[in-house]
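Structure, as structure tokens:
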Ligand SMILES: Cc1ncc(C[n+]2csc(CCOP(=O)(O)OP(=O)(O)O)c2C)c(N)n1
Ligand SMILES: [Mg+2]
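Residue numbers (my numbering): 225 to 509.
Structure follows, in structure tokens:
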């Protein structure tokens with residue numbers, strides 16, 4: 225049996241409470257990036273349900289009072305530019321005070337534009353140079369096996385990011401070693417930096433590629449918390465192969481009508497100007 229989640233970790237009672245947490249993370253993402261005047265809110269918003277389910281749906285074991293607890297599960301934000309969603313989750317989980325979110329990207333703050341594991345407890349890998357997170361995850365999942373530990377490793381990549389060749393070296397290795405303690409979630413939000421992900425470099429079919437590389441795959445609506453929870457449960461219970469969850473999402477989920485009004489449904493790497501913040505928060509309800 226897996227060792228228990230420490231009592232200092234937050235586990236939601238039900239789906240409704242998870243939904244409330246997801247909403248808070250969205251508010252924090254928008255407020256912190258607008259305050260910073262830079263960052264990647266739309267890339268963060270698409271991944272809110274996945275990050276919420278992992279941290280507060282009872283999947284990740286962690287101890288905010290002891291971030292380096294050796295038995296903790298690992299979450300690697302391979303698409304490191306979505307740091308605001310990770311920081312919002314870490315604050316909600318109690319790794320640091322929520323007001324610190326407003327120091328995002330400010331000089332001296334450990335909440336750097338991309339996650340820095342040397343400066344912030346709870347960050348499992350320094351990411352931002354895309355394509356590296358799955359390799360780090362493979363290493364950690366192998367380490368768990370060698371150390372006879374039962375921790376699990378979850379990696380979140382972007383759908384543009386998986387055009388990086390290193391992702392596929394890692395995918396082949398994970399299958400070779402039958403790393404069923406590893407789950408890769410691809411945030412399939414259909415955009416990357418300069419336009420539609422499939423126009424920049426078409427990686428379809430993503431599930432077919434992971435299946436061909438020897439993975440168990442699941443495709444879900446990644447902005448539906450119920451589906452995310454179910455998929456994570458299936459991934460956690462699956463034996464003999466690593467699991468890839470292709471998480472179909474919307475970049476900017478939660479404020480799509482505003483992004484449409486602004487004429488940019490990718491909105492990559494742009495904070496919302498302060499004058500639109502109230503309108504965005506009203507859309508979140
Ligand atoms: C190795 C590398 N190349 C280029 C970049 C610049 N870059 C930052 S975000 C991004 C687009 C990523 O798209 P995707 O993976 O789909 O993430 P999304 O923002 O859509 O969630 C790029 C190319 C980078 N960070 N790292
Ligand atoms: Mg994308």
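For each residue, glycine too, the CB sits at the ideal point set by N, CA and C.
Pairwise C-beta distances place the stretch 342-357 in contact with the stretch 296-313, as three or more of them are shorter than 8 Å. Not one heavy atom of ligand 1 is found less than 8 Å from the C-beta of residue 442. Per DSSP, residue 374 has no beta-bridge partner at all.
In this structure, residue 269 places its C-beta atom within 9 Å of the C-beta atom of residue 250.
Not one heavy atom of ligand 1 is found less than 8 Å from the C-beta of residue 284.
For the pair residue 310 and residue 256, the CB atoms are not nearer than the 9 Å cut-off. Segment contact: the stretch 390-399 against the stretch 356-366, three or more CB-CB distances shorter than 8 Å; contact assigned.
Taking 4 residues as the shortest admissible run, the stretch 448-483 contains the following complete alpha helix (DSSP H) segments, listed from N- to C-terminal end: 449-461.
Your pair residue 274 and residue 452 checks out as a contact, with CB atoms roughly 6 Å apart and the cut at 8 Å. Rounded to whole angstroms, residue 450 and residue 285 show a C-alpha spacing of 20 Å. With contacts defined as CB atoms closer than 9 Å, residue 320 and residue 337 fail to qualify as a contacting pair. Rounded to whole angstroms, residue 260 and residue 464 show a C-alpha spacing of 44 Å.
Taken through DSSP and simplified to helix, strand or coil, residue 343 comes out as coil.
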